[in-house]
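Please read the structure below before turning to the comments.
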Amino acid sequence: MEGNFYVSDVVIDRELKSKYGMAYRKCPNESKRYGQCVEAGQINRSLQRDSCAEERHALRACVATHLRNIAIGSRASCAASSGTQSQ
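Now the structure itself:
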(Lines of atoms letter the chains of each structure in order from A and count residues from 1; the text may use other names and numbers.)
(Lines give C-alpha, C1' and ligand atoms only; values in the text may rest on other atoms or scores of the structure.)
Protein backbone atom coordinates (compact mmCIF):
# COMPACT_ATOMS: atom_id res chain seq x y z
CA MET A 1 0.00 0.00 0.00
CA GLU A 2 1.34 3.41 -0.93
CA GLY A 3 0.66 7.01 -0.10
CA ASN A 4 -0.73 8.79 2.89
CA PHE A 5 -3.65 7.41 4.80
CA TYR A 6 -5.10 8.16 8.20
CA VAL A 7 -5.59 5.90 11.17
CA SER A 8 -7.32 7.77 14.00
CA ASP A 9 -5.66 11.16 13.36
CA VAL A 10 -2.22 9.63 12.73
CA VAL A 11 -0.83 10.08 9.24
CA ILE A 12 1.10 7.10 7.95
CA ASP A 13 3.37 8.37 5.20
CA ARG A 14 4.74 5.87 2.72
CA GLU A 15 7.02 6.61 -0.18
CA LEU A 16 5.41 6.36 -3.60
CA LYS A 17 7.72 3.91 -5.39
CA SER A 18 5.49 2.57 -8.16
CA LYS A 19 5.32 4.16 -11.60
CA TYR A 20 1.71 5.15 -10.90
CA GLY A 21 2.77 6.76 -7.62
CA MET A 22 5.52 8.73 -9.34
CA ALA A 23 3.11 9.90 -12.05
CA TYR A 24 0.43 10.79 -9.49
CA ARG A 25 2.93 12.88 -7.52
CA LYS A 26 3.45 15.07 -10.60
CA CYS A 27 -0.24 16.09 -10.68
CA PRO A 28 -0.74 17.95 -7.38
CA ASN A 29 -3.20 20.56 -8.68
CA GLU A 30 -5.45 18.02 -10.40
CA SER A 31 -5.48 15.68 -7.40
CA LYS A 32 -6.22 18.58 -5.05
CA ARG A 33 -9.18 19.74 -7.16
CA TYR A 34 -10.58 16.20 -7.39
CA GLY A 35 -10.13 15.63 -3.65
CA GLN A 36 -11.82 18.92 -2.81
CA CYS A 37 -14.75 18.06 -5.07
CA VAL A 38 -15.22 14.63 -3.50
CA GLU A 39 -14.84 16.02 0.02
CA ALA A 40 -17.36 18.80 -0.64
CA GLY A 41 -19.85 16.26 -1.96
CA GLN A 42 -19.41 14.05 1.10
CA ILE A 43 -19.73 16.95 3.53
CA ASN A 44 -22.88 18.23 1.82
CA ARG A 45 -24.15 14.67 1.32
CA SER A 46 -24.63 15.57 -2.34
CA LEU A 47 -21.98 13.33 -3.88
CA GLN A 48 -23.57 11.57 -6.82
CA ARG A 49 -22.24 9.50 -9.68
CA ASP A 50 -20.24 11.66 -12.10
CA SER A 51 -20.57 14.76 -9.91
CA CYS A 52 -16.76 15.17 -10.04
CA ALA A 53 -16.30 13.71 -13.52
CA GLU A 54 -14.54 16.76 -14.94
CA GLU A 55 -11.99 16.82 -12.11
CA ARG A 56 -11.48 13.04 -12.29
CA HIS A 57 -10.96 13.20 -16.05
CA ALA A 58 -8.33 15.95 -15.64
CA LEU A 59 -6.51 13.90 -12.98
CA ARG A 60 -6.57 10.72 -15.07
CA ALA A 61 -5.30 12.60 -18.15
CA CYS A 62 -2.45 14.12 -16.16
CA VAL A 63 -1.44 10.78 -14.64
CA ALA A 64 -1.65 9.04 -18.03
CA THR A 65 0.59 11.69 -19.59
CA HIS A 66 3.22 11.24 -16.89
CA LEU A 67 2.99 7.44 -17.10
CA ARG A 68 3.73 7.66 -20.82
CA ASN A 69 6.71 9.93 -20.11
CA ILE A 70 8.02 7.50 -17.49
CA ALA A 71 7.63 4.57 -19.92
CA ILE A 72 9.41 6.46 -22.70
CA GLY A 73 12.19 7.44 -20.31
CA SER A 74 12.70 3.87 -19.11
CA ARG A 75 12.79 2.56 -22.69
CA ALA A 76 15.34 5.21 -23.65
CA SER A 77 17.56 4.38 -20.68
CA CYS A 78 17.32 0.64 -21.46
CA ALA A 79 18.26 1.28 -25.09
CA ALA A 80 21.18 3.48 -24.04
CA SER A 81 22.49 0.91 -21.58
CA SER A 82 22.17 -1.96 -24.06
CA GLY A 83 23.92 0.15 -26.70
CA THR A 84 26.92 0.73 -24.42
CA GLN A 85 27.11 -2.96 -23.54
CA SER A 86 27.24 -4.10 -27.17
CA GLN A 87 30.24 -1.90 -27.99
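Mapping the sequence shown onto numbering that gives the first Met the number 0, position 16 (from 1) lands on 15, and the numbers just tick up by one.
All C-beta atoms, glycine included, are put in the ideal place defined by N, C-alpha and C.
All values derive from a computational prediction rather than experimental measurement.
Where Arg32 is concerned, the enclosing alpha helix (DSSP H) starts and stops at 27-42.
Taken through DSSP and simplified to helix, strand or coil, Lys16 comes out as coil. At a Cβ-Cβ threshold of 8 Å, Cys36 and Cys26 do not count as neighbours. With contact defined as three or more Cβ pairs closer than 8 Å, the stretch 34-48 and the stretch 64-77 are not in contact.
Inter-residue distance for Glu14 and Gly34 is about 20 Å (C-alpha atoms, whole angstroms).
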